[in-house]
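> In the UniProt record's numbering, the protein residues as written are 1 to 290.
Ideal Cβ placement from N, Cα and C applies to all residues, glycine included.
#1: Which whole-angstrom value describes the C-beta separation of residue 189 and residue 275, a residue pair presumed to lie in contact below a C-beta threshold of 8 angstroms?
#2: Using only alpha-carbon positions, find the residue among 105, 70, 99 and 115 that is nearest to residue 137.
#3: Going straight from the alpha carbon of residue 91 to that of residue 24, what length do you get?
#4: Buried or exposed: which applies to residue 133, given that a residue is buried once 16 or more other Cβ atoms fall within 10 Å of its Cβ?
#5: Do you know offhand how far residue 140's Cα is from residue 81's?
#6: Sorted by chain position, which residues of the same chain lie with C-beta nearer than 7 angstroms to residue 271's C-beta, five sequence neighbours on each side aside?
#7: Which residues bound the alpha helix (DSSP H) around residue 39?
#8: Looking at C-alpha atoms only, which residue of 262, 264 and 252 is the closest neighbour of residue 289?
#9: Quick check on the DSSP output: what are the complete beta strand (DSSP E) runs of length 3 or more inside the segment 100-169, in order along the chain?
#10: Note down the Cα distance separating residue 108 from residue 225, rounded to an integer number of angstroms.
#11: Whole angstroms are fine: how far does the CA of residue 210 sit from the CA of residue 235?
#12: Could you check which residue in 246, 239 and 223 has the C-alpha nearest to that of residue 232?
#13: In chain order, which continuous runs of the beta strand (DSSP E) of length 3 or greater are located wholly inside the segment 20-81?
#14: Where does residue 254 sit, in a helix, a strand or coil, going by DSSP?
#15: Which runs of the alpha helix (DSSP H) at least 4 residues long sit entirely within the UniProt domain "SnoaL-like" (168-273)? Give them in chain order.
#16: Check whether the segment 70-87 and the segment 39-54 are in contact - that is, three or more C-beta pairs closer than 8 angstroms.
#17: Give the DSSP-derived three-state secondary structure of residue 285 in the structure shown.
#18: Going by DSSP, what residues sit across from residue 280 in a beta bridge?
#19: Would you check if the distance between the CB atom of residue 317 and the CB atom of residue 285 is smaller than 8 angstroms?
#20: CB residue 240 to CB residue 266, shorter than 8 angstroms?
#21: For residue 65, which residues of its own chain have a beta-carbon under 6 angstroms away from its beta-carbon, when the five flanking residues on both sides are left out?
#22: What's the gap between the Cα of residue 1 and the Cα of residue 61?
#23: Specify the secondary structure class of residue 97 as computed by DSSP and reduced to three states.
#24: Taking the straight line between their C-alpha atoms, what separation do you get for residue 177 and residue 171?
#25: Below 8 angstroms, can you find three or more Cβ-Cβ pairs linking the segment 142-151 to the segment 26-44?
Okay, here's the thing in structure tokens:
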């Protein structure tokens, strides 16, 4: 008798587990297909009462996004704000009406995004979403991802390592390690000397070799004791760093010295300088060369 009861309990347990597994599989299939079509196909009309509950809730701060219309308006920013979109669900699993989604979002910021004009920046963000299903519909979601990285990629916030990267360039220049300076420049860096500076004749210098031959080699050949002093670095938005400093040196031909006020505006991407703009007292440089 005990054996029979135990056997029946196993059968019932197996049946319940099978039903739960089937329910989870059905929820996963519905969920992944719905979001694939919404984001990758740009089909916002799928945010409706067929796929979502009327009170669909996205847990957010400072307040939740509640209701189909609000939910649709929120995600329209992603659909209209980005092109070349690739939304991939890397993994998804669940139990009962609970799902966990691991996802990746790539795209180009080519349209307005929550009021932010297009920047042309590309984003590549990975995150996790906790999902609650109800009667086969999506009822609640809560996203977890590195919002700081996302904002840095958009250019709203700058990478905190940018100042360190530029500081390394100046330290390398002071040490005479030009190879390290060039290594910190992007292969397609756009370098501009100040208008009125003699070295502006090659603007814009494209690539490290052009900077080496058109600027650094000429500075080394024409100036004695050329150095950068009183350097102060200022972290800016949009992955830019402003350096305020002075140029000291003696022009070889005339033996005239300079103590010129200077500003450098650097733009960085992935830890390397992609653009440089110099501002300097060009009259003082010109007077020293005469």
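On the basis of the data shown:
#1: 7 angstroms
#2: 99
#3: 14 angstroms
#4: buried
#5: 23 angstroms
#6: 161 and 165
#7: From DSSP, residue 39 is part of no alpha helix (DSSP H); its letter is neither H nor E.
#8: 252
#9: 122-134 and 137-145
#10: 46 angstroms
#11: 27 angstroms
#12: 246
#13: 52-58
#14: coil
#15: 178-183, 208-211 and 217-222
#16: yes
#17: helix
#18: 262
#19: Because the chain here runs from 1 to 290, residue 317 falls outside it and cannot be looked at.
#20: yes
#21: 58, 71 and 74
#22: Reliability fails at residue 1, whose pLDDT of 48 lies under 50, so the model's placement of it is uncertain and the value that follows must be treated cautiously. So the alpha carbons of these two residues sit roughly 58 angstroms apart.
#23: coil
#24: 9 angstroms
#25: no
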